[in-house]
Amino acid sequence: QQQVKQSPQSLIVQKGGISIINCAYENTAFDYFPWYQQFPGKGPALLIAIRPDVSEKKEGRFTISFNKSAKQFSLHIMDSPPGDSATYFCAATGNQFYFGTGTSLTVIP
Amino acid sequence: GAVVSQHPSWVICKSGTSVKIECRSLDFQATTMFWYRQFPKQSLMLMATSNEGSKATYEQGVEKDKFLINHASLTLSTLTVTSAHPEDSSFYICSATRGVAGGIVAGELFFGEGSRLTVL
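As they're listed, the protein sequences go chains R and Z.
Residue numbering for the first sequence is 2 to 110, as defined by the numbering used here.
Residue numbering for the second sequence is -1 to 118, as defined by the numbering used here.
Next comes the structure, spelled out in structure tokens:
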């Protein structure tokens, strides 16, 4: 059973565009929600994370929106350069770490 | 953030041989390390959780005799793929946490760079 559902599977945006990736979870025991960025042939790297006591967190061009009642959270990427092309994974942690299925983002120059 | 080093970054071996992959936490003590396998364009699949000084806990469907995990110190875990076959070819990634043994300190999960294994 997929603990964290992520969509879309892939996304193509123009340079300077906005990307939104969504994740949903069921287990209310999850208490930390990180996003990871992974380039081909590399391990995932922590991008930004949020706890359920806040509804939004912004770091540079990356913003997490968190809706506790709906058990959903999303990553907004603003003003993307081609270098943002990567796979993005959401995750949720409680006693274990659960990853979403990933979103492949392509930023067209 | 903390640094996790994984070695080798890629390895090619013949079918039937064994391959060892090392995962080191360079600037912190990792009480718990995790090993993942990732197929192309797919998410990370947790293979096993290893705690320093104890036997690894394997996920359902992962053969513990094929994928030997040793976590001999607080900074080193190794994954040995024994009698490798072409279907074992994959991208293997480790991660480490400073959390207490068996648990996770939320968010403090650091990944290695991954190891690409190709079995001919």
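All C-beta atoms in this analysis are idealised placements derived from N, C-alpha and C, irrespective of residue type, glycine included.
Quick caveat: nothing in here was measured; it's all calculated off a predicted structure.
- Judged by their CB atoms, Z:Ser13 and Z:Val79 are not nearer to each other than the 8 Å cut-off.
- The closest CA to that of R:Pro9, considering only R:Lys16, R:Ser20, R:Gln15, is found on R:Ser20.
- As DSSP reads the structure, R:Leu12 sits in a beta bridge with R:Leu106.
- Contact annotation, R:Asp32 with R:Pro53: C-beta distance approximately 6 Å; criterion of less than 8 Å satisfied.
- Under the three-state reduction of DSSP, R:Pro35 is assigned to strand.
- For the set R:Gln97, R:Lys6, R:Ala87, R:Ile51, the Cα lying nearest the Cα of R:Ile13 is the one of R:Ala87.
- Restricting attention to Z:Ser48, Z:Thr73, Z:Arg35, Z:Leu77, the CA atom closest to the CA of Z:Glu85 is found in Z:Arg35.
- Setting aside the 5 residues that flank it on each side, Z:Val9 is surrounded in the same chain by Val17, Ser113, Leu115, each with a C-beta closer than 7 Å to its C-beta; the list follows chain order.
- Using a Cβ-Cβ cut-off of 8 Å, R:Phe40 does not count as an interface residue toward chain Z, since no Cβ of chain Z sits closer than that to its own.
- Rounded to the nearest whole angstrom, the C-alpha separation of R:Tyr26 and R:Ala46 is 21 Å.
- Apart from sequence neighbours up to five positions away, the residues of its chain that approach R:Gly18 with a beta-carbon distance below 7 Å are Ser81, ordered along the chain.
- Taking each of Z:Lys39, Z:Glu111, Z:Thr73 in turn and checking the Cα distance to Z:Tyr90, the smallest one comes out for Z:Glu111.
- The Cβ of R:Gly44 sits closer than 8 Å to at least one Cβ of chain Z.
- By the neighbour-count criterion, in which 16 or more other beta carbons inside 10 Å mark a residue as buried, Z:Gly59 falls on the exposed side.
- Here R:Ala92 is bridged, per DSSP, to R:Phe100.
- Along the region 69 to 98 of chain R, the positions whose C-beta sits under 9 Å from a C-beta of chain Z are Thr88, Phe90, Ala92, Thr94, Gly95, Asn96, Gln97, Phe98, read in chain order.
- For R:Phe63, the nearest beta carbon of chain Z is not closer than 8 Å to its own beta carbon.
- When the beta-carbon positions are compared, Z:Thr47 and Z:Thr30 come within less than 8 Å of each other.
- Ranked by Cα distance from Z:Asn68, the options Z:Glu57, Z:Ala82, Z:Glu61, Z:Lys53 are led by Z:Lys53.
- For Z:Leu24, there is no enclosing beta strand (DSSP E), since its DSSP letter is neither H nor E.
- Annotation for Z:Ala94: the continuous beta strand (DSSP E) segment containing it runs 88 to 95.
- For Z:Arg114, the enclosing beta strand (DSSP E) covers residues 113 to 117.
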